[in-house]
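Asks:
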Amino acid sequence: MNIAIIGATGLVGGMFLKILEERNFKIDKLFLFASEKSDGKEIIFKNKKYIVKKLEYDIFEKNKINLALFSAGKEISKKFAILAAKNNCVVIDNSSAWRMNDKVPLVVPEVNPEDLKNHKNIIANPNCSTIQLVVAIKKIHDVFKIKRIVISTYQAVSGAGIFGINDLKNDDNKKFKYSIVNNCLPQIDNFDLETKYTLEELKLINETKKILHAPEINITATAVRVPVINSHGESINLELRRDFDIKEIFDILRNTPGVAIQDDIKNEIYPLAKNASGKDLVFVGRIRRDFSIKSGLNFWIVADNIRKGAATNAVQIAERLI
Numbered sequence: 364m365n366i367a368i369i370g371a372t373g374l375v376g377g378m379f380l381k382i383l384e385e386r387n388f389k390i391d392k393l394f395l396f397a398s399e400k401s402d403g404k405e406i407i408f409k410n411k412k413y414i415v416k417k418l419e420y421d422i423f424e425k426n427k428i429n430l431a432l433f434s435a436g437k438e439i440s441k442k443f444a445i446l447a448a449k450n451n452c453v454v455i456d457n458s459s460a461w462r463m464n465d466k467v468p469l470v471v472p473e474v475n476p477e478d479l480k481n482h483k484n485i486i487a488n489p490n491c492s493t494i495q496l497v498v499a500i501k502k503i504h505d506v507f508k509i510k511r512i513v514i515s516t517y518q519a520v521s522g523a524g525i526f527g528i529n530d531l532k533n534d535d536n537k538k539f540k541y542s543i544v545n546n547c548l549p550q551i552d553n554f555d556l557e558t559k560y561t562l563e564e565l566k567l568i569n570e571t572k573k574i575l576h577a578p579e580i581n582i583t584a585t586a587v588r589v590p591v592i593n594s595h596g597e598s599i600n601l602e603l604r605r606d607f608d609i610k611e612i613f614d615i616l617r618n619t620p621g622v623a624i625q626d627d628i629k630n631e632i633y634p635l636a637k638n639a640s641g642k643d644l645v646f647v648g649r650i651r652r653d654f655s656i657k658s659g660l661n662f663w664i665v666a667d668n669i670r671k672g673a674a675t676n677a678v679q680i681a682e683r684l685i
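The opening position of the sequence shown corresponds to residue 364 in my numbering, with each subsequent residue numbered one higher.
#1: Hey, L374 and I669 are a contact pair by Cβ (cut 8 angstroms); roughly how many whole angstroms apart?
#2: Quick one: grab the DSSP three-state call for G522.
#3: Within a Cβ cutoff of 6 angstroms, which residues of the same chain sit near V467, ignoring the five residues on either side of it in sequence?
#4: Do the CB positions of I514 and T583 come within less than 9 angstroms of each other?
#5: Cα-Cα, which of S459, L430, N464 is closest to A448?
#6: Cα separation between L395 and R511?
#7: Once you ignore the five residues that flank P620 on each side, which residues in its own chain have a CB closer than 6 angstroms to its CB?
#8: At which residues does the alpha helix (DSSP H) containing N593 begin and terminate?
#9: Could you round the C-beta distance between I624 and G648 to whole angstroms and report it? I think they count as a contact, below 8 angstroms.
#10: Rounded to whole angstroms, what is the Cα-Cα separation between E318 and G596?
#11: Determine the closest residue to I339 out of E385, N387, E438, I406, with distance taken between C-alpha atoms.
#12: By the three-class DSSP mapping on this structure, what secondary structure does S598 have?
#13: Report the residue from S492, K483, C452 whose alpha carbon sits nearest the alpha carbon of V471.
#14: Which one of E419, I455, N426, K392 has the shortest CA to CA distance from T675?
#15: Could you tell me the alpha carbon to alpha carbon distance between I612 and L575, rounded to whole angstroms?
#16: Between the C-alpha atoms of F607 and G659, what's the straight-line distance to the nearest angstrom?
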């Protein structure tokens, strides 16, 4: 299989390569593409040197690429994914370009792999914060049916790329409007002036409904950038359609693919960003009843947003396809 990485020099592009190597994904020919400023850069993959090339419009036809992993931004994806699809190349796109397109499946392999059957050579990778959410709630929804979700995110600066990391390390304001050092910013992405939600919050709401095939769920979200290098945290409040025993919830989560429970309040053990980094699981803890409403449930989740929230999910999709 001939594989291309589009955006090979970015944080997610580099993680694509790391995950492909870790999982020993079968590759016949590997092509690395990025913007003009990265043209000629050398990258080592499986002890072999590869040269990054400038992204051009004819690469899919010329190189007979079978699979392309995209992480180069929405505008690049809009232009190049269609070209790839027309040349019988399957695109797994990490941007927001195709996620809410009715003809493009939005997939988390542990949650809705059946949606891959309907792809037309373009598959969307969900937003990082959406991925960890739906992995944690899917089986709960299957059993109890979720009526309402309230999400508060605590998102690491790596979600904003290398410039977000640099803002935290150097106390710069090159990526964020305000200093992220010793600070929390209740804005991720631009504001939608009509709803007053940020685009990140709307992604969480709309993508979750699409992935779960559950437009009836009422969802609200507040997304916050926090001074953490890597791994997103989320406080989740669910209102279920029927009552539950808390032991049932633990049993469901223990049997949920991709989930690891860390919930031992006697020893003050719960999911932490530091411990989640470098791992592909969604860690769940602080699992408890919400006493303020009937059939209410609270829990806390953490996952590596660059690995599971982007690269690993994309490679898992590729594995499912073949």
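Every residue gets a Cβ at the ideal spot worked out from N, C-alpha and C, and that includes glycine.
Replies: On the basis of the data shown:
#1: Going by Cβ atoms, the distance from L374 to I669 rounds to 6 angstroms, so yes, they are a contact pair.
#2: The three-state reading of DSSP puts G522 in helix, counting H, G and I together.
#3: Taken in chain order, the residues that qualify are W461, I485, A487.
#4: It is a contact, given that the beta carbons lie within the stated cut-off.
#5: Nearest to A448 by C-alpha distance, out of S459, L430, N464, is L430.
#6: Looking at the two C-alpha atoms, the distance is approximately 43 angstroms.
#7: Correct list, in chain order: E473.
#8: First-last for N593: undefined, no H or E at that position.
#9: That belief holds up - the Cβ atoms of I624 and G648 are roughly 7 angstroms apart, short of 8 angstroms.
#10: Past the boundaries of the shown model lies residue 318; the chain is included only from 364 to 685, so the question cannot be answered.
#11: No statement about residue 339 is possible, as the shown extent of the chain runs from 364 to 685 and does not include it.
#12: In the structure shown, S598 falls within a strand segment according to DSSP collapsed to helix, strand and coil.
#13: Nearest to V471 by C-alpha distance, out of S492, K483, C452, is S492.
#14: Nearest C-alpha to T675: I455.
#15: Cα-Cα distance, rounded: 18 angstroms.
#16: Cα-Cα distance, rounded: 9 angstroms.
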